[in-house]
Every structure is written in structure tokens, then in C-alpha cells.
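Colleague: The opening position of the sequence shown corresponds to residue 180 in our numbering, with each subsequent residue numbered one higher.
Provided herewith is a single structure, encoded as C-alpha cells, for subsequent inquiry.
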Amino acid sequence: MLSSSVKTCGSSKTQGPLWGRHANDWLKIQEPQSLALYNVVLKALALTRDSTLLDVGCGAGMFCELAALRGTSVMGLDASSSLIDHARHRALRSTFFEGEMEAMPFVGQTFDVVTLLNSLQHATTPLQVLSEARRVLRPGGRIAIAAWARPEKCHIAGYFRALDELLPVATPNTPAAFAFSTEGAIGKLVSKAGFAKLLEAQALTIWDYPDEDTALRGLLSFGTATQAVDCAGEERVREVIRKFLKPYRLPRGGYRLENAFRYLIAQRA
């Protein structure tokens, strides 16, 4: 099943260290905020016990764990060794690999389903990722992709805008959080990669943090925040995140953010 794929210049060298620095907070605080999205995607996929699934950008393994509980044979791939370590301890029914999404370490036609849930936008070359997904899928296999919906439907957009001001000027190939948020953006890309769209819809997630410390830890676990800390220092980034959070403080305490995702399911043509 494993393949010695030709190595390409991909995203793992950059993204792995960024997302791995606060892997424990991602595991305990931030990844659970996506539970509603994961459940919607799992329902749409209607996985069976004889299905094989690869989750690309699997993080700390929450989606893999949920899929495996349905009896599906699951593998996860991520750029961060720290997140993969957490995933291996968490999702015992799944198998995990550290690697490059632009050069997936699997032989062709291995999986029935490939998922990219809020991960494709972090790729240096998204079309290459989809080409790799098509390669490792069996004929008729499906791909499920989720990305942020339009910024006006995501409270988190203000967080990214604030952090962007602390980062160097982006180059043309720099991954962007909302690269696939516009209607039709994902569909156009999957069509170019040789997939036929089956379904496209939106899912709303509610992010709840009981207090400021928890919110800060969760939001600091994003790779974008890690990059901002390296550029401007942790205290400055904490100050920026506190300011961003103020409008979302609840009367009883804590914080609540509403963030929509656009998700698409397509079939290998």
C-alpha cells in the first residue's frame, strides 16, 4: 500500500512545524470545534464497513476516529509529526503517516474515499494535491473537500485579517485561508483535476470557549498564529487576538464564534 513516491517541493516543510508547535492545544481545544463539520461530511459520504478512507491533513485524528467508529478502514496523513503522534494515541483503529500532501506515500488506486477537510488551502500547489488524490483513489472513488465559506459568513475572518497585518507581504504562491471560499472555486479545481462534482453545500460550526485563556490557547494553535508569533512575538499576537475576541464575548462569560464551511463531494471521473 505504501509507495516511494517521487519527492516534490510541497507544503510539509513549511506547514508541519507551524501546526505542530501547539499540537496539544489543537487536540484538546481547537480540533473539537470542527465536530459539526465532520458529522455533516460523514453523513454525506455514507461510509460502509468495506470502505477505505484517507484523510489528508488529518491533524490530531478526530475525523479519522469518527470515521473508524463506523467500521471504515482509515488512514491519516499530516505534515506535523507532533499532530501525528497525538492522532496515533487517540484514534487507535486508524493508521497514520507523516508526509507530503503533494506527494502522497501510497500506491495508486488504494482508497475509496479521500478527504481534505480545511487543509487544501494550505497546499503550495492545490492542483497537485488533487492530482495525487485522484491517483490514490480507486475508479469511481470519491473526494470530499471542505474550506472556509465566504469571509462574511465566518467570524474567524477577522482573526486572519488581524494576523495578516503582522506577517510579511504574501507572495503569489503563498497559501491563503479563504482561497476557496467563493462559490464555484472548489468545483472548478476538482473538475480540472479529473473529478465530477456530486454535491456542494455549506455547514455551520459553533466555536465555544469557556474563558479567555482557553480561547487564546485554541487560536494560538493555528499555523497562521505560529507564523505571526515568529514575526511579531507572542505578546503582540496575544494582544491582537484579545482585541479580535472582544465582540464575541458572551454575557455569562466565555466566547462564541460562528464559522461556515463550504464542502464538496466529487467522484473520480
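Positions of the beta carbon are idealized from the N, C-alpha and C atoms, including for glycine.
Bear in mind the structure is a predicted one, so any value in this text is a computation, not a measurement.
So, do the region 283-293 and the region 194-212 have three or more beta carbon pairs nearer to each other than 8 Å?
Modeller: no
Colleague: Going by beta-carbon coordinates alone, are Leu316 and Phe276 separated by less than 9 Å?
Modeller: no
Colleague: DSSP three-state label for Gly402, please.
Modeller: helix
Colleague: Kindly indicate which three-state DSSP category Ser298 falls into: helix, strand or coil?
Modeller: Under the three-state reduction of DSSP output, Ser298 falls in the coil class, being neither helix nor strand.
Colleague: Could you tell me if Arg160 is buried or exposed, where buried requires 16 or more neighbouring beta carbons within 10 angstroms of its beta carbon?
Modeller: The chain is shown only over 180 to 448; residue 160 falls outside these bounds and no answer can be derived.
Colleague: Go through its chain and collect everything with a Cβ distance to Trp386's Cβ below 6 Å, but skip five positions before and after it.
Modeller: Gln212 and Leu436
Colleague: So, with DSSP's three-state summary, where would you put Cys333?
Modeller: strand
Colleague: Per the contact definition of three or more C-beta pairs closer than 8 Å, is the region 431-445 in contact with the region 408-420?
Modeller: no
Colleague: CB-CB under 6 Å to Phe142, same chain, minus the five flanking residues each way: which ones, in chain order?
Modeller: Any property of residue 142 remains undetermined from this structure, which presents the chain solely from 180 to 448.
Colleague: Let me confirm a value: Thr251 is counted as buried when at least 16 other C-beta atoms fall within 10 Å, else exposed. Which label applies?
Modeller: With 16 or more other Cβ atoms from the protein chains shown falling within 10 Å of its own Cβ, Thr251 counts as buried.
Colleague: Figure out for me which residue from Leu399, Leu306, Val293 and Ala326 has the closest Cα to the Cα of Ser450.
Modeller: Nothing in the structure corresponds to residue 450, since the chain is present only between 180 and 448.
Colleague: Give the straight-line distance between the Cα atoms of Gly337 and His265, rounded to the nearest whole angstrom.
Modeller: If you take the alpha carbons of Gly337 and His265, they lie about 29 Å apart.
Colleague: Ser260: buried (16+ other C-beta within 10 angstroms of its C-beta) or exposed?
Modeller: exposed
Colleague: Do you know offhand how far Arg396's Cα is from Thr361's?
Modeller: 29 Å
Colleague: So, does the region 199-207 touch the region 421-438, judging by three or more C-beta pairs under 8 Å?
Modeller: Contact between the region 199-207 and the region 421-438 is absent, because fewer than three Cβ pairs lie under 8 Å.
Colleague: Tell me, to the nearest whole angstrom, how far the beta carbon of Phe374 is from that of Ile322; I am working on the premise that it is less than 8 Å.
Modeller: 6 Å
Colleague: Nearest-angstrom Cα distance between His301 and Pro430?
Modeller: 35 Å
Colleague: Run through DSSP, which three-state label would Leu345 get?
Modeller: coil
Colleague: Put Pro430 into one of helix, strand or coil per three-state DSSP.
Modeller: In the structure shown, Pro430 adopts coil according to DSSP, grouped into three states.
Colleague: Taking Asp392 as the reference, give the member of Gln381, Gly255, Arg428 and Leu221 with the closest Cα.
Modeller: Arg428
Colleague: Mapping the DSSP letters down to three states, classify Thr384 as helix, strand or coil.
Modeller: strand
Colleague: Considering only their Cβ atoms, is the gap separating Gly319 from Gln446 smaller than 9 Å?
Modeller: yes
Colleague: Between the Cα of Gly238 and the Cα atoms of Arg267, Glu414 and Leu346, which residue gives the shortest distance?
Modeller: The candidate whose alpha carbon is nearest that of Gly238 is Arg267.
Colleague: Taking Ala312 as the reference, which of Leu296, Ala328 and Val292 has the closest Cα?
Modeller: Val292
Colleague: Between which two residues does the beta strand (DSSP E) harbouring Arg321 extend?
Modeller: Leu316 to Trp327
Colleague: Identify whether Gly199 lies in helix, strand or coil by the three-state DSSP scheme.
Modeller: helix
Colleague: Can you tell which of Leu214, Gly255 and Glu279 has the C-alpha that lies nearest to the C-alpha of Glu233?
Modeller: The displayed chain sequence assigns Leu, not Glu, to residue 233. Closest by alpha carbon: Gly255.
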